[in-house]
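Following: one structure in structure tokens, then a few remarks.
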Amino acid sequence: MELDATEKEKVMAEYNKKWEEWSVGHHKIITWILTCVDNATSGQISKLNSALEAWEYLKKTHTMRD
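In the numbering used here, the protein residues as written are 62 to 127.
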């Protein structure tokens, strides 16, 4: 099924809206993480590409072991 130009515009507008919402939230999370860690950790996290990568890095480097 192919969309006509008007339908494509609506779909793209909705996609762009959702992308913007996601992007704002993602950057908030990165900012929160960076403000909650020390400078050395912040430097490492700032090299990563996503909040998920930052979270995984923190999980790996700061997990408590018995």
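Glycine included, C-beta positions come from ideal geometry on N, C-alpha and C.
Values in this document were obtained by computation on a predicted structure and should not be read as measured data.
Next on the checklist: Please state the DSSP three-state secondary structure of ASN110.
Outcome noted: Here ASN110 sits in coil by DSSP.
Item to check | Segment contact flag, the segment 87 to 95 with the segment 105 to 112, C-beta cutoff 8 Å, min 3 pairs | outcome: With the cut-off at 8 Å, the segment 87 to 95 and the segment 105 to 112 touch.
Checklist entry - Under a Cβ-count criterion, where at least 16 other Cβ atoms within 10 Å of its own Cβ denotes burial, should MET115 be classed as buried or exposed? => result The identity of residue 115 in the sequence shown is Ala, whereas the question assumes Met. ALA115 comes out buried.
Checklist entry - Just the Cα atoms here: how many angstroms apart are ASN110 and LYS121? => result Going by the C-alpha atoms only, they are around 16 Å apart.
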